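According to the working numbering, the sequence shown is numbered sequentially starting from 6.
All C-beta atoms in this analysis are idealised placements derived from N, C-alpha and C, irrespective of residue type, glycine included.
None of these values were measured; they are calculated from a predicted model.
What follows is a set of notes on a single structure, which appears directly below.
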Amino acid sequence: MKFHINYFNVEQLKKECLVVGVFENKKLSIAAKYLDEISKGCINKYILSGELEGKVNQFLLLYNVPHIFSDRVLLIGCGKESDFNEDIYRKILLKTMYVLNSTSATEAVLFINNLFIDNKNMYWKIRVALEVIEKFSYQFNYFKSIYKIKRSTLHNIFFNIYQKSDIFFGEMAIQHGVIINQGIKETKDLANLPPNICTPNYLKLKVKNLEQNSDSKLSIEIVDEKLLNMLGMNAYLAVSKGSKNKPYMSLIKYNGLNNNMFQSIILIGKGVTFDSGGLSIKSSKCMDEMKYDMSGAAVVYGIMYIVIKLKLPLNIIGILASCENMPGGGAFRPGDIIKTMSGATVEVLDTDAEGRLILCDILTYVERFQPSIVIDIATLTGACVTALGNSISGLFSNCNLLVKDIIKASKQTGDTVWQLPIFDKYKDTLHSNFADLANISNTKSAGAITAACFLSHFVKKYYWAHIDIAGTSWVSGKNKGSTGRPILLLIQFLLNKSGLNFYS
Ligand code: BES
Ligand code: MN
Ligand code: ZN
């Protein structure tokens with residue numbers, strides 16, 4: 006799909022479809038009014054006859070409208086004008102895509118990006134449009150026979166704008182949105198791939214491929230089993246012992262500021278390519294979905310892909326912490342005591358609490374980069390899904406300013422997070438009789454928090470946030486698949502840090 010900004014007369018527009026909004030109570034949007042005037046009352050004729058009430062998502066597709074050179078006019082219901090908001094804007098965009106897709110139009114000019122939404126500028130409206138279009142268009146076809154693949158004829162979308170000053174915002178939104186959509190596709194593809202293909206080795210190869218057509222700002226480093234061993238990352242290594250697939254920690258170092266890598270922002274993604282639970286094996290129900298336990302790593306990959314293409318002026322290190330959690334003769338066991346890289350010993354009471362074991366060593370490892378900020382992204386706990394559901398990611402941090410920045414990006418993008426506390430009292434529940442701490446809490450409750458407490462034990466030297474995406478990175482059921490979250494949140498966080506915030 007190609008996107009364009011259109012700034013010229015509606016009269017002269019000769020395209021395959023024009024899309025304009027109509028409100029309830031026979032109220033036309035500015036664009037609809039304009040078309041009505043040109044067509045000498047044709048639009049109003051349909052409205053007044055009751056053909057279209059203007060309720061949200063109602064629509065009327067008109068052909069051969071008098072005096073309009075374009076082939077079709079799509080009137081889309083926007084509800085009551087006073088109720089129009091972000092959610093309705095997203096809804097009507099999606100509906101528009103469905104309707105356009107049911108026609109043979111190869112192009113469309115949207116006017117609905119001009120509808121007024123409080124506090125939202127043209128950059129926001131066009132970014133959101135691209136986001137909705139990505140969601141609508143995404144397909145994961147690699148394993149389907151050709152006859153099962155749906156093809157769309159729509160290839161060009163024009164956003165019409167009325168104000169010259171909006172050209173810049175529109176162009177920026179398209180420039181950012183197109184690249185972000187590519188990154189989201191990369192992430193979704195990785196998370197949707199089956200675990201027999203998307204192995205730690207596969208993720209490593211993906212990372213290595215990034216190096217091919219990029220400049221000196223980028224360097225890739227792969228830490229294999231041998232090196233992990235030399236580094237003393239025994240907790241990370243323990244998790245992968247039951248699997249024939251070897252672990253790989255892949256580092257994508259992006260040096261957008263052209264100075265040394267100190268004071269970088271570090272993003273760590275949990276990359277368990279399949280979480281069977283290990284010897285504390287999971288039930289077979291929905292076990293297939295545990296292929297998405299590498300969503301954090303997939304998000305970090307997508308982010309780095311975007312950062313490189315946007316050439317952000319930041320130093321960022323993306324780390325894909327990958328391995329597979331399997332039962333097997335060599336697997337780690339409940340009862341094992343492991344010496345982590347930090348020196349602290351951990352008693353494994355549940356091999357299914359593996360994410361924190363991988364992350365804890367990496368939280369120690371990254372100290373060598375003297376980072377200013379470290380953010381880990383992980384499908385860490387089912388408890389987080391219980392607490393916050395599938396729409397909100399869990400946020401934990403040791404720094405209020407960082408929380409503020411993340412929540413700001415969350416509000417800008419609608420990629421929602423909610424902060425949960427790291428409460429000292431709950432740290433005590435990780436008590437072990439035999440080691441410095443246990444890998445699970447001795448209470449059943451507050452599992453998302455106690456997992457974050459475990460991680461916080463290993464964070465000493467930098468500002469840190471942990472984002473639990475167990476509920477948000479994936480949709481179950483009929484439309485099963487990766488959501489790409491929280492890419493939008495994190496990219497906005499980085500855009501803001503780069504001074505490239507065009508939302509306000
Ligand atoms: N990968 C899972 C968490 C998860 C659960 C992600 C559901 C997505 C959906 C994680 O490794 C895990 O198994 N966590 C355990 C922790 C428990 C053993 C303390 C959990 O949440 O049950
Ligand atoms: Mn697990
Ligand atoms: Zn897991």
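Residue 422 carries a strand assignment under DSSP once its states are collapsed to helix, strand and coil. Under the three-state reduction of DSSP, residue 328 is assigned to strand.
Restricting attention to 488, 144, 131 and 168, the CA atom closest to the CA of residue 157 is found in 144.
Classified as exposed, residue 226 has fewer than 16 neighbouring CB atoms from the shown chains inside 10 Å of its CB. Nearest neighbour of residue 61 by Cα position, chosen from 29, 42 and 50, turns out to be 29. When the beta-carbon positions are compared, residue 65 and residue 79 come within less than 9 angstroms of each other.
Using a cutoff of 8 angstroms, the CB of residue 292 does not count as near the ligand ZN, since none of the ligand's heavy atoms is closer than that. Shortest gap from the CB of residue 296 to any heavy atom of the ligand BES: 8 angstroms or more.
When the Cα atoms are used, residue 442 and residue 389 turn out to be separated by approximately 21 angstroms. Restricted to the region 70-108, the beta strand (DSSP E) segments that are unbroken, complete and at least 3 residues in length are 77-82, listed in chain order.
Exclusion of the five residues before and after residue 311 leaves 184, 185, 188 and 496 as the residues of its chain whose Cβ lies within less than 7 angstroms of its Cβ.
Burial is judged here by how many other beta carbons sit within 10 angstroms of a residue's own beta carbon; residue 417 has at least 16 and is buried. For residue 363, the closest C-alpha among the options 11, 371 and 327 is that of 327. Here the distance from the Cβ of residue 277 to the nearest heavy atom of the ligand MN is below 8 angstroms. Apart from sequence neighbours up to five positions away, the residues of its chain that approach residue 26 with a beta-carbon distance below 6 angstroms are 34, 81, 83, 117 and 120, ordered along the chain. In the structure shown, the three-state DSSP call for residue 160 is coil. Residue selection by CB proximity (closer than 5 angstroms to any heavy atom of the ligand BES) returns 280, 298, 355, 357, 358, 360, 384, 386, 387, 445 and 475 in chain order.
The straight-line gap separating the alpha-carbon atoms of residue 421 and residue 76 is approximately 40 angstroms. For the ligand ZN, a non-hydrogen atom lies closer than 8 angstroms to the CB of residue 330. Contact between the region 162-174 and the region 8-16 is present: three or more C-beta pairs spanning the two stretches fall below 8 angstroms.
Setting aside the 5 residues that flank it on each side, residue 146 is surrounded in the same chain by 154, each with a C-beta closer than 6 angstroms to its C-beta; the list follows chain order. When only Cα atoms are considered, residue 97 and residue 22 end up about 16 angstroms apart. A straight line joining the alpha-carbon of residue 489 with that of residue 248 spans about 27 angstroms. At least one heavy atom of the ligand MN lies closer than 8 angstroms to the C-beta of residue 287. Taking C-beta separations shorter than 7 angstroms and ignoring five residues to either side along the sequence, the partners of residue 90 in its chain run 122, following chain order.
Note that the region 93-108 touches the region 128-145; at least 3 beta-carbon pairs, one per stretch, sit closer than 8 angstroms.
Relative to the non-hydrogen atoms of the ligand MN, the Cβ of residue 282 comes within a distance shorter than 8 angstroms of at least one. Taking 4 residues as the minimum length, the alpha helix (DSSP H) runs contained wholly in the region 211-241 are 230-236, in order along the chain.
In this structure the region 193-207 lies against the region 474-487, because at least three pairs of beta carbons, one per stretch, are closer than 8 angstroms. Residue 182 counts as buried, since no fewer than 16 other beta carbons sit within 10 angstroms of its beta carbon.
Taking a C-beta distance under 9 angstroms as the contact criterion, residue 354 and residue 445 qualify as a contact pair.
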